[in-house]
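So for the sequence shown, the numbering used here puts the first residue at 180; every next one is plus one.
All C-beta atoms, glycine included, are put in the ideal place defined by N, C-alpha and C.
All values reported here derive from a predicted model rather than from experimental measurement.
Taking it in order: structure first as structure tokens, then the write-up.
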Amino acid sequence: MEPEKIYPFLQLDAVTAPYREELIDAAKRVINSGWYIGGPEVESLESELSDLLTVPFVVGVSNGLDALRLTLRSWIELHYLRKGQGVVVPANTFIASVLAIVDAGLVPVFAEPDIVTMNLSGITLGKAIADNPDIEIGAVMTVHLYGRVAWDEDMRKIIESEGLLVIEDTAQAIGARSYSVDGLFGSKNAGTLGHAGCFSFYPTKNVGALGDAGAVVTHDRKLATMVKTLANYGADRRYHNEYCGYNCRIDPLQAALIRVKLAHMEEENSARRVNADTYNQIINHPHIKLPLMPSRDCVKECVWHQYVIRSPRRNELQEYLKSNGVMTDIHYPVACSRQPCIERLTAKLFPGKQISLPVAEKMSEEVLSLPVSSATSASDVREIAEIINCFE
Ligand SMILES: *Cc1c(COP(=O)(O)O)cnc(C)c1O
């Protein structure tokens, strides 16, 4: 039987609709300006991001994966890291996190997610380091997965005592804040906790372009300069190629469109927060685990890029929801360590080594993302939650 109503997972045209006129004006500005690479829109976006995140240096780049790989490659060119060193990364992240590490000639060292937050923690970071004594670890990539800040006091202590560099994959967490830094002195924005923060403006992200774009943010002037240089063919001045670089610049048309979306980031993030709250209040099922809600004082610790429930009967639940018109998604159905390209790499680098990540693998079988964006109305969220409660 056909369901009488469809609840889409994420309808991008509906997310865009409220900003249609502003987006058209922004596109017109670019068309009329004659600046089709670089120029004022890129500079304005960089300076607005710098103000929003309270971080001195921002470099717009082509996408989130490039933000990550340019940062790691820059650290190698700056001699902060050496090729062959390990970078700890949670195994349940999106594959781009891992591809950036591999692309830079570094070695992914997989960590388990914490079972409650589904994110890297001090405990799982410590365990990944202890479990891999044969690899010289130079950096940690903390991933603020699903929009939740992955940063705690234990993590900070390990990072400090081991002298590790920290790259934050902030693709899913623009606008999230960490309350576990600076203790009494307040909070810091995700992306500014470590040495570099990498953002994506892929259309489905909380602040989405109408195409691909990304950014690197940092307090390190040398890193910012190197990222900018590598993203522009490795030329530190015109027709002088100090490095074998790439073309990874941000497109000014996307920069102009992102500026419109960025000005509405708080609205988008709070709509997601309200939806997540509603799910957490209504869903009540013996076979379903709900995501952790941040405490009232720390609501911005999560910007709910995804609202992820867990069930040992995940596939059945997804089918049941689909038959009732509720579209869901899975982030992610395969742990990165289990992707064929990564399994082959591991077999080549460490013949015979067994990688055991039971928590990440179990999560890949149990996670299910529900519609949570601003395009899903409060009444739809209530209806979806009621449908979930009737799952038998
Ligand atoms: C989206 C995403 C990326 C990659 O960003 P793109 O702009 O799509 O290249 C990297 N890491 C995570 C966690 C992501 O969600």
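Separation of N568 from R252, as counted between CA atoms: Taking the first residue of the sequence shown as 1, we reach residue 252 at position 73. Taking the first residue of the sequence shown as 1, we reach residue 568 at position 389. The alpha-carbon atoms of R252 and N568 are separated by roughly 48 Å.
Proximity test, G243 beta-carbon vs ligand 1 heavy atom, cut-off 7 Å: The sequence position of residue 243 within the sequence shown is 64, counting from 1. Within the cutoff, so yes.
For P473, count neighbouring C-beta atoms within 10 Å of its own C-beta (all shown protein chains included) and say buried if the count is 16 or more, exposed if not. Within the sequence shown, residue 473 is the residue found at index 294, counting from 1. So P473 ends up on the buried side.
When S543, A557, T303 are compared against P491, the one with the closest alpha-carbon: In the sequence shown, residue 491 corresponds to position 312, counting from 1. Taking only the C-alpha atoms, the option nearest P491 is S543.
Close beta carbons around I338, own chain, < 7 Å, minus the five adjacent residues each side: Mapped onto the sequence shown, residue 338 falls at position 159. Answer for I338: V319, V345, listed in chain order.
Can you tell me the Cβ-Cβ gap for R327 and T457, rounded? I've got them flagged as a contact below 8 Å. Mapped onto the sequence shown, residue 327 falls at position 148. Mapped onto the sequence shown, residue 457 falls at position 278. Between T457 and R327 the Cβ distance is about 18 Å, and since that is not below 8 Å, they are no contact.
DSSP puts S558 in a beta bridge; with which residues? If you number the sequence shown from 1, residue 558 lands on position 379. DSSP lists no partner for S558.
K479 classed as buried or exposed, judged by whether at least 16 other C-beta atoms fall within 10 angstroms: One-based indexing of the sequence shown puts residue 479 at position 300. By the Cβ neighbour-count rule, K479 is buried, with 16 or more other Cβ atoms within 10 Å of its own.
Applying the criterion that 16 or more other CB atoms from any shown protein chain within 10 Å of the CB defines a buried residue, is S516 buried or exposed? Against the sequence shown, residue 516 aligns to sequence position 337. Taking all protein chains in view, the Cβ of S516 is crowded by 16 or more other Cβ atoms within 10 Å, so the residue is classified as buried.
For the beta strand (DSSP E) that contains S379, what are its first and last residues? On the sequence shown, residue 379 is found 200 positions in, with the first residue counted as 1. First-last of the beta strand (DSSP E) with S379: 375 to 379.
Give me the Cβ distance between A246 and A394, rounded to the nearest whole Å; I'm assuming they're in contact under 8 Å. One-based indexing of the sequence shown puts residue 246 at position 67. One-based indexing of the sequence shown puts residue 394 at position 215. With a Cβ gap of about 6 Å, A246 and A394 count as contacting.
Measuring only from the beta carbon, is S553 closer than 7 Å to any heavy atom that is part of ligand 1? Mapped onto the sequence shown, residue 553 falls at position 374. No, since every heavy atom of ligand 1 falls outside the 7 Å radius drawn around the Cβ of S553.
L524 by DSSP, collapsed to three states: which one? As a position in the sequence shown, residue 524 is number 345, starting the count at 1. In the structure shown, L524 sits in a helix (DSSP, three-state: H, G or I).
6 Å CB neighbourhood of A270 in its chain, flanking five on each side removed: The residue labelled residue 270 in the question sits at position 91 within the sequence shown. The answer, listed in chain order, is F289, A514, C515, S516, L536, A539.
Please report the straight-line C-alpha distance between V221 and D415, rounded to a whole angstrom. Reading the sequence shown from its first residue, position 42 is the one you call residue 221. Reading the sequence shown from its first residue, position 236 is the one you call residue 415. Using only the alpha carbons, I get a separation of about 18 Å.
Check whether the Cβ atoms of N454 and L469 lie closer than 8 Å to each other. Counted from its first residue, the sequence shown places residue 454 at position 275. Counted from its first residue, the sequence shown places residue 469 at position 290. Cβ atoms of N454 and L469: not closer than 8 Å.
Please classify I316: does DSSP put it in a helix, a strand, or coil? Locating residue 316 in the sequence shown gives position 137, counting from the first residue. For I316, the secondary structure class from DSSP, reduced to helix, strand or coil, is strand.
Helix, strand or coil: how does DSSP classify P431 here? Within the sequence shown, the letter at position 252 stands for residue 431. Three-state DSSP puts P431 in a helix.
So is the beta-carbon of A350 under 7 Å away from any non-hydrogen atom of ligand 1? The sequence position of residue 350 within the sequence shown is 171, counting from 1. For ligand 1, at least one heavy atom lies less than 7 Å from the Cβ of A350.
When the Cα atoms are used, what is the spatial distance from V237 to G376? The sequence position of residue 237 within the sequence shown is 58, counting from 1. The sequence position of residue 376 within the sequence shown is 197, counting from 1. Taking the straight line from one Cα to the other gives about 9 Å.
I want to know whether the region 189 to 196 touches the region 547 to 556 - three or more CB-CB distances under 8 Å. Taking 8 Å as the limit for Cβ pairs, the verdict is that the region 547 to 556 does touch the region 189 to 196.
Could you give the residue range of the alpha helix (DSSP H) that holds Y499? Mapped onto the sequence shown, residue 499 falls at position 320. Residues 493 to 502.
Identify the residues that DSSP records as bridge partners of H419: which are they? Residue 419 sits at position 240 when you count from the first residue of the sequence shown. Per DSSP, R416.
Supposed close pair Q351, L324 - CB separation, criterion 8 Å: Position 172 of the sequence shown, counted from the start, is the residue given in the question as residue 351. Position 145 of the sequence shown, counted from the start, is the residue given in the question as residue 324. Their Cβ separation, rounded to whole angstroms, is 6 Å, which keeps Q351 and L324 in contact under 8 Å.
Tell me whether L324, by its Cβ, gets closer than 7 Å to a heavy atom of ligand 1. Here residue 324 refers to the residue found at position 145 when the sequence shown is read from its first residue. Yes, the Cβ of L324 comes within 7 Å of a heavy atom of ligand 1.
So is the beta-carbon of T296 under 7 Å away from any non-hydrogen atom of ligand 1? What you label residue 296 is simply residue 117 of the sequence shown in a count that begins at 1. No; taking the cut-off as 7 Å, the Cβ of T296 has no heavy atom of ligand 1 nearer than that.
Between I274 and V482, how many whole angstroms is the CB-CB distance? I'm expecting something under 8 Å. If you number the sequence shown from 1, residue 274 lands on position 95. If you number the sequence shown from 1, residue 482 lands on position 303. Not really, about 22 Å apart at Cβ, beyond 8 Å.
Taking 7 Å as the cut-off, is the beta-carbon of A275 closer than that to any non-hydrogen atom of ligand 1? Here residue 275 corresponds to residue number 96 of the sequence shown, with the count starting at 1. Under cutoff, so the answer is yes.
Heavy atom of ligand 1 less than 7 Å from the Cβ of S516, yes or no? Here residue 516 corresponds to residue number 337 of the sequence shown, with the count starting at 1. False, no ligand heavy atom lies under 7 Å from that Cβ.
Member of G239, E227, L343, T195 whose CA lies at the smallest distance from the CA of A392: Here residue 392 refers to the residue found at position 213 when the sequence shown is read from its first residue. Looking at the Cα atoms, G239 is the closest of the given residues.
Counting only the same chain and skipping the five closest in sequence on each side, list residues whose C-beta sits under 7 Å from that of V209. As a first step, residue 209 must be located in the sequence shown, where it is residue number 30. Cβ within range, chain order: E220, P431, L432, A435.
Counting Cβ pairs, one atom from each stretch, are 3 or more of them under 8 Å apart for the region 397 to 406 and the region 249 to 264? The region 249 to 264 and the region 397 to 406 touch, with three or more beta-carbon pairs separated by less than 8 Å.
List the whole-angstrom C-beta distance separating V551 from Q485, where the pair is believed to meet the contact cut-off of C-beta under 8 Å. Position 372 of the sequence shown holds residue 551. Position 306 of the sequence shown holds residue 485. Confirmed, about 7 Å.
Can you check which of these residues, L278, D348, V267, S223, is closest to P519 by C-alpha distance? Start at 1 with the first residue of the sequence shown, and residue 519 comes out as number 340. When L278, D348, V267, S223 are compared, the shortest CA-CA separation from P519 is found for L278.
Which same chain residues, not among the five before or five after I437, have their C-beta less than 7 Å away from its C-beta? Taking the first residue of the sequence shown as 1, we reach residue 437 at position 258. Same-chain partners within the cutoff: L224, F380, V386, A388, A392.
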